[in-house]
Amino acid sequence: GAGVSQSPSNKVTEKGKDVELRCDPISGHTALYWYRQSLGQGLEFLIYFQGNSAPDKSGLPSDRFSAERTGGSVSTLTIQRTQQEDSAVYLCASSLEGSYGYTFGSGTRLTVV
Amino acid sequence: AQSVTQLGSHVSVSEGALVLLRCNYSSSVPPYLFWYVQYPNQGLQLLLKYTTGATLVKGINGFEAEFKKSETSFHLTKPSAHMSDAAEYFCAVISQAGTALIFGKGTTLSVSS
């Protein structure tokens, strides 16, 4: 597609429920990133996918967080047993390998009540 | 370890005044540095980047930044602010592994008429 597409744009969930956030990167972009943006905290790196290589999961804050990327394209970020502190905007970005010029999606605003 | 410090979480200027947003970095490898802008309810957009070569980098919308190794700085400037420049600005440095961007906490720029 023309840009990075994220869905849903907004998600309200009850504490303890699982949520899935979707990212559809730019066609041909082999690198895909997930970041979390919390008020006053800037952007926190979560996970990085590059082609068929093993993902860099070093930023995932707990084992409740996981992500996968199917067929080198669409990615899903899953948060299990959501907590109120998981409330944030989750941003996805993609880039060509080695480019560092990320294209970001508009994000998913997650609210845990 | 790589890190970025943005001095001032909020900067206010008058329309037509100089914009100066400060960024200092810490990097154990030659740094690749970036400035991104985020308009309300949108994803981040790349303003400019420094990888190698000329230390004064020009970006979109009249912004520029100068890499100063001796000062470990990469401040963002624009000679004359426009109302449309009001947004949040993020400085970033490439991670040591080169796999992701490490962002600062952001600076919100307000422009008054």
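Going down the list, the protein sequences come from chains A and B.
Per this note's numbering: the first sequence = residues 5 to 117.
Per this note's numbering: the second sequence = residues 59 to 171.
The beta carbon of each residue, even a glycine, is placed where N, CA and C say it ideally should be.
Given the structure is predicted, the values throughout are model-derived calculations rather than measurements.
Just verifying my parser: in three-state terms, what is the DSSP assignment at residue i?
i, result
"residue 119 (chain B)", "helix"
"residue 60 (chain A)", "strand"
"residue 74 (chain A)", "helix"
"residue 19 (chain A)", "coil"
"residue 89 (chain A)", "helix"
"residue 143 (chain B)", "helix"
"residue 129 (chain B)", "helix"
"residue 124 (chain B)", "strand"
Who are the Cβ neighbours of residue i in its own chain at under 6 angstroms, not counting the five residues just before and after it?
i, result
"residue 11 (chain A)", "26"
Looking only at its own chain, which residues have a Cβ that is under 7 angstroms from the Cβ of residue i, when we skip the five neighbours before and after it?
i, result
"residue 201 (chain A)", "The requested residue 201 (chain A) does not occur in the structure, where chain A is confined to residues 5 to 117."
"residue 171 (chain B)", "73 and 141"
Residue i CB to nearest chain A CB: under 9 angstroms?
i, result
"residue 92 (chain B)", "yes"
"residue 99 (chain B)", "yes"
"residue 110 (chain B)", "no"
"residue 163 (chain B)", "yes"
"residue 103 (chain B)", "yes"
"residue 107 (chain B)", "yes"
Indicate whether at least one CB of chain B lies closer than 9 angstroms to the CB of residue i.
i, result
"residue 49 (chain A)", "yes"
"residue 69 (chain A)", "no"
"residue 78 (chain A)", "no"
Could you pull out every residue in the same chain whose Cβ sits closer than 8 angstroms to the Cβ of residue i, ignoring the five residues on either side in sequence?
i, result
"residue 136 (chain B)", "76, 77, 119, 120, 121, 122 and 143"
What are the residues of the stretch 13-43 of chain A that lie near chain B, defined by any Cβ-Cβ distance shorter than 8 angstroms? 37 and 39
So, do the stretch 105-117 of chain A and the stretch 48-60 of chain A have three or more beta carbon pairs nearer to each other than 8 angstroms? no
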